[in-house]
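Novice: In our numbering, the protein residues as written are 625 to 730.
#1: Quick one: what's got a C-beta closer than 8 Å to residue 676's C-beta in the same chain, skipping five residues either side?
#2: In three-state DSSP terms, what is residue 721?
#3: Can you look up residue 702 in the DSSP assignment and give me helix, strand or coil?
#4: Can you tell me whether DSSP reads residue 651 as helix, strand or coil?
#5: Can you tell me the Cβ-Cβ gap for residue 722 and residue 684, rounded? I've got them flagged as a contact below 8 Å.
Here it is in C-alpha cells:
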C-alpha cells in the first residue's frame with residue numbers, strides 16, 4: 625500500500641474518532657449502556673450490595689474512577705473510554721451520588 629493511501633486511511637480514521645467523541649461529548653454519558661456493561665461484566669464477581677454496604681471503600685468520584693479502572697483491567701474487559709465513563713456515571717448516579725462537577729470522562 626502506498627504511503628499516501630496509508631496517510632489517507634489514518635486521516636479518515638482520526639476524523640471518524642473525533643466525530644464520534646464530539647457526538648459523545650454533546651450527548652453526555654449513556655446511563656443505560658453503563659448499566660448494561662456493568663451487569664454484563666461486574667456482576668460476575670460481586671452483587672450491588674458492595675456499593676451500599678456501610679464500609680464500602682469508595683468515598684469519592686476519583687476513587688470510583690480508579691476502582692472501575694482496576695476492576696476492568698482485572699476482569700479483562702476492553703471498554704472504550706466512553707464506555708468506562710458510562711459505567712462510572714451509572715454507578716455514581718445509582719449508588720454513590722458524588723458531586724459530578726468534577727466528572728472526567730476518560
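The C-beta atom is built at its ideal place from N, Cα and C for all residues, glycine as well.
The structure displayed is predicted, hence computed values, not measured ones.
Specialist: Checking against the coordinates, here is how it stands:
#1: Excluding sequence neighbours, residue 676 sits near 719.
#2: Residue 721: coil per DSSP, three-state reduction.
#3: DSSP places residue 702 in coil when its eight states are reduced to three.
#4: In the structure shown, residue 651 sits in a helix (DSSP, three-state: H, G or I).
#5: At roughly 6 Å, the Cβ-Cβ gap stays under 8 Å, so residue 722 and residue 684 are in contact.
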